[in-house]
Amino acid sequence: QRIRALPGDKWVLLFEQRQMFPRLRKQGPLEVEIRAILDSQIDPQGQALARQIQTMQLNLQKSMDIVKGFPSDQLRELFLQAGVTFHHIMMKSSRQIVSPDFELTDVGEDYEDCYRRISVATGGSSVFSNKVAEAIREASAREDYHYLLAYTPQDPSGSKERKIEVKVGRKDVDVISLKQYVAAGSPVISIVDFKSGQKAIRFGLRDYARIPTEGRTVGSAAVQITIFNDKSEQVFADGKTMELIKDETKISLSFPQLPSGSYFIIIDALDRTTGGKDVYSGAIRL
């Protein structure tokens with residue numbers, strides 16, 4: 077409430093460094109020794125200890141990958157109500173470990189995705205880069221002026237097709253509007269069932285709006301995929317607008333040009349009918 081009462085533009089700049097967590101190095105001496113003990117039929121006590129070590133390592137990795145109970149929806153509403161533009165700058169950790177038995181991996185956390193959603197909702201920027209000065213310049217150069225025009229027809233149902241066209245006299249502005257009327261209570265697009273491995277990714281789109289158009293019931297979504305390597309360098313960026321006919325649309329993409337290893341991915345899905353948006357992001361292995 078205090079922030080909302082302050083005059084002028086209000087910004088939040090959040091600088092966050094990705095956390096790193098050590099895990100057993102694949103094909104490392106310790107991992108090889110544990111597997112050898114598990115395969116051994118001579119030492120039952122050693123087998124039990126090796127299984128216990130593996131279970132503890134997996135449980136610890138899972139507990140570090142997800143932070144449960146983070147109040148993402150409440151935080152997003154607070155920033156929106158206060159009229160704050162939220163900018164999120166994510167940096168890769170410079171932490172290193174020199175060990176033949178352990179390697180560092182990125183920790184995926186719920187609140188990272190929450191910060192990106194707040195940035196999208198408040199009109200801010202969300203950047204994954206260790207070039208902090210450039211990221212700040214990019215955020216400060218953004219224009220935050222928006223004008224919202226709302227209209228409700230006398231018949232608010234979505235039973236019949238209605239086309240929308242918005243015209244403005246000025247030429248130096250971007251106009252974003254629905255192409256067709258969508259009734260209240262329409263679903264919000266969501267990215268689901270993401271999987272990665274063997275130089276490929278797979279995921280699905282659900283809960284998007286579909287409306288009657290020229291005798292068919294269809295929807296439309298714009299999907300943008302961006303991938304960064306372990307040096308925070310962008311190695312892939314591409315987008316596509318697709319027609320949505322079924323209740324769920326499955327998408328798969330291969331990356332034969334990328335070497336196997338750890339990456340960070342951001343997927344943006346925009347429902348072009350309702351303007352709803354979903355974002356998926358996290359550390360992956362290809």
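Those letters in the sequence shown? Residues 77 to 362, per my numbering, in order. Built from N, CA and C at the ideal position, the CB exists for glycine as well.
Neighbourhood of residue i by C-beta, 7 angstroms cutoff - its chain only, sequence neighbours within 5 removed
i, result
"residue 110", "126, 129, 130"
"residue 346", "297, 298, 353"
"residue 305", "311, 339"
"residue 371", "What is shown of the chain runs 77 to 362, which leaves residue 371 out entirely."
"residue 226", "none"
"residue 192", "164, 202, 355, 357"
Opening and closing residue of the alpha helix (DSSP H) in which residue i lies
i, result
"residue 157", "148–158"
"residue 105", "105–115"
"residue 216", "208–216"
"residue 79", "78–81"
C-alpha distance - residue i paired with residue j, whole-angstrom precision
i, j, result
"residue 327", "residue 318", "10 angstroms"
"residue 153", "residue 82", "18 angstroms"
"residue 78", "residue 201", "24 angstroms"
"residue 94", "residue 116", "39 angstroms"
"residue 174", "residue 133", "19 angstroms"
"residue 164", "residue 212", "10 angstroms"
"residue 344", "residue 217", "22 angstroms"
"residue 99", "residue 171", "14 angstroms"
"residue 209", "residue 120", "57 angstroms"
"residue 198", "residue 157", "10 angstroms"
"residue 151", "residue 189", "12 angstroms"
"residue 248", "residue 359", "39 angstroms"
"residue 228", "residue 238", "12 angstroms"
"residue 196", "residue 203", "11 angstroms"
"residue 215", "residue 123", "55 angstroms"
"residue 243", "residue 288", "24 angstroms"
"residue 291", "residue 207", "51 angstroms"
"residue 87", "residue 106", "49 angstroms"
"residue 194", "residue 278", "25 angstroms"
"residue 181", "residue 341", "15 angstroms"
Contacting residues, own chain, Cβ-Cβ under 8 angstroms from residue i (five flanking each side not counted)
i, result
"residue 361", "272, 273, 336, 337, 338, 339"
"residue 280", "267, 268, 269, 324, 325, 326, 327"
"residue 332", "275"
N-terminal and C-terminal residue of the beta strand (DSSP E) that residue i is part of
i, result
"residue 265", "Element bounds for residue 265: n/a, residue is neither H nor E."
"residue 92", "86–93"
"residue 240", "Looking at the DSSP string, residue 240 is not in any beta strand (DSSP E), and its letter there is neither H nor E."
"residue 353", "353–361"
"residue 279", "276–282"
"residue 342", "338–347"
"residue 202", "202–204"
"residue 314", "310–320"
"residue 300", "292–304"
"residue 99", "96–100"
"residue 225", "Element bounds for residue 225: n/a, residue is neither H nor E."
"residue 288", "287–289"
Residues near residue i in its chain [Cβ-Cβ closer than 6 angstroms; skip 5 each side]
i, result
"residue 300", "315, 344"
"residue 168", "94, 206, 308"
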